[in-house]
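Undergrad: Residue numbers (the numbering used here): 145 to 391. Got a structure for you, questions after.
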Amino acid sequence: MTDPLLKLSHLNKSFGALKATDDVSLTLMPGEIHALIGPNGAGKSTLIKQIAGGLRSDSGTVEFAGRDVTALGTVPRARAGLGRTFQISSLAMEYTVLQNTVLGALGHDGGVMRFFRPVMKDRRLVDRGMAALERVGLTDQAAKRTADLSHGQRRLLEVAVALTLEPKVFLMDEPMAGLGASGSKRLTGFLDALRVQAPILLVEHDMDAVFALADRISVLVYGRVIATGTADEIKRDPTVREAYLGA
Ligand code: ADP
Ligand code: MG
145 MTDPLLKLSH
155 LNKSFGALKA
165 TDDVSLTLMP
175 GEIHALIGPN
185 GAGKSTLIKQ
195 IAGGLRSDSG
205 TVEFAGRDVT
215 ALGTVPRARA
225 GLGRTFQISS
235 LAMEYTVLQN
245 TVLGALGHDG
255 GVMRFFRPVM
265 KDRRLVDRGM
275 AALERVGLTD
285 QAAKRTADLS
295 HGQRRLLEVA
305 VALTLEPKVF
315 LMDEPMAGLG
325 ASGSKRLTGF
335 LDALRVQAPI
345 LLVEHDMDAV
355 FALADRISVL
365 VYGRVIATGT
375 ADEIKRDPTV
385 REAYLGA
């Protein structure tokens, strides 16, 4: 048996009396796209933040590549290879496309602008930023202000920013949100190729994308995983149909 790259064991997070995630255990295997679906408020984004390190879990563990990273913050987790994109954009809109990827290569988000000028002279970081733009097909947009990109291009740029740290695992929170049909299709093709480099834990509402991409699907309802299985298994599962698919 292959070892999972990511292993969540009994993760919990409450906000006051609300249990946002409730005893969540799941794994992500090499090469796999594991989709996480569930109604609004089910705890999907909370779980992604617990894995990325932005939210401290009340209990439970996150093991990444065989190492317990539960006590680490976001920056060391990202540097160790946990790549992530966010439901809410974290791009610096006033900076160029290339500058955003260079910031990404530093392993930081928006808060380090004062280091900016010297960083843009760092050939190695700039090369890494350009290479990531090439991967997602944004090379010709490198000098553009990020605010001037289309929504779909921004989504691709978020993936490029995450790619700069050469992640071993990807956490993606609704990457298809707001993309039109053609944008979703392009991103779907891209994610399908990306999984070879890094398996993806994919939170997504677009069920066409989920059914096209996911090797396994876990269904989260009120913070609990109520089922995990292949697309066919999930579609047939009576608990899922009742609780989520509404049939
Ligand atoms: P999803 O991403 O599945 O829509 P979330 O993880 O965003 O769900 O939210 C799960 C539940 O936790 C919701 O009821 C939400 O209102 C609540 N919640 C999320 N973040 C916070 C927070 N920082 N403080 C209080 N409640 C929160
Ligand atoms: Mg969410």
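Heads up, the beta-carbon is just placed ideally off N, CA and C, and yes, glycines get one too. Because the structure is a prediction, the values reported are computed rather than measured.
Which of the three DSSP states is assigned to Gly227 in this structure?
TA: In this structure, Gly227 counts as strand in the three-state DSSP scheme.
Undergrad: Considering only C-alpha positions, which residue in the set Asp350, Arg279 and Pro319 is nearest to Ala337?
TA: Per the Cα distances, Arg279.
Undergrad: In chain order, what residues of the same chain lie with their CB nearer than 8 Å to the CB of Gly254, ignoring the 5 residues before and after it?
TA: In this prediction, Gly254 has a pLDDT of 47, which is less than 50 and means its spatial position is unreliable; nothing more can be read from the coordinates.
Undergrad: Hey, Ala164 and Val354 are a contact pair by Cβ (cut 8 Å); roughly how many whole angstroms apart?
TA: Not confirmed; about 22 Å, so no contact.
Undergrad: Comparing alpha-carbon positions, which option in Val213, Thr218, Ala304 and Gly210 lies nearest Ala249?
TA: Selected option, being the one with the closest Cα: Ala304.
Undergrad: With a threshold of 7 Å (Cβ to nearest heavy atom), would Lys151 be considered close to the ligand MG?
TA: No - the ligand MG has no heavy atom lying nearer than 7 Å to the Cβ of Lys151.
Undergrad: Check the C-beta distance from Asn156 over to Asp167 and give it rounded, since I have them as a contact under 8 Å.
TA: Contact holds; Cβ gap of about 6 Å.
Undergrad: Just to confirm, is the Cβ distance from Ile181 to Val363 under 8 Å?
TA: In contact: Ile181 and Val363 (Cβ atoms closer than 8 Å).
Undergrad: Which whole runs of the alpha helix (DSSP H) in the region 149-237 are 4 residues long or more, in chain order?
TA: With a minimum length of 4 residues, the continuous alpha helix (DSSP H) runs that stay inside the region 149-237 are 188-196 and 218-224.
Undergrad: State whether the region 279-293 contacts the region 321-328, with contact taken as three or more CB pairs (one from each stretch) at a distance under 8 Å.
TA: The region 279-293 vs the region 321-328: no contact.
Undergrad: If I follow the unbroken alpha helix (DSSP H) through Met351, where does it start and stop?
TA: Here the alpha helix (DSSP H) through Met351 covers Met351 to Leu357.
Undergrad: Roughly how many angstroms lie between the CA atoms of Pro220 and Ala342, to the nearest whole one?
TA: Cα-Cα distance, rounded: 18 Å.
Undergrad: Using a Cβ-Cβ cut-off of 8 Å (strictly less than) and excluding sequence neighbours within five positions of Ala375, which residues of its own chain qualify?
TA: Excluding positions up to five away in sequence, the list reads Val354, Phe355, Ala358 and Ile361.
Undergrad: Under three-state DSSP, which class holds Arg330?
TA: Residue state, collapsed to three classes: helix.
Undergrad: Buried or exposed: which applies to Phe208, given that a residue is buried once 16 or more other Cβ atoms fall within 10 Å of its Cβ?
TA: Classification of Phe208: buried, given that the 10 Å Cβ count is 16 or more.
Undergrad: Assuming contact is defined by CB atoms lying nearer than 8 Å, are Leu226 and Ala196 in contact in what I supplied?
TA: It is a contact, given that the beta carbons lie within the stated cut-off.
Undergrad: Assign Glu386 to one of two classes, buried (16 or more other C-beta atoms within 10 Å of its C-beta) or exposed (fewer than that).
TA: The residue in question, Glu386, is exposed, as its Cβ has fewer than 16 Cβ neighbours within 10 Å.
Undergrad: For the alpha helix (DSSP H) containing Val340, list its first residue and its last residue.
TA: From DSSP, Val340 is part of no alpha helix (DSSP H); its letter is neither H nor E.
Undergrad: Mind checking Leu152: buried by the 16 CB within 10 Å criterion, or exposed?
TA: The residue is buried, with at least 16 neighbouring Cβ atoms inside 10 Å.
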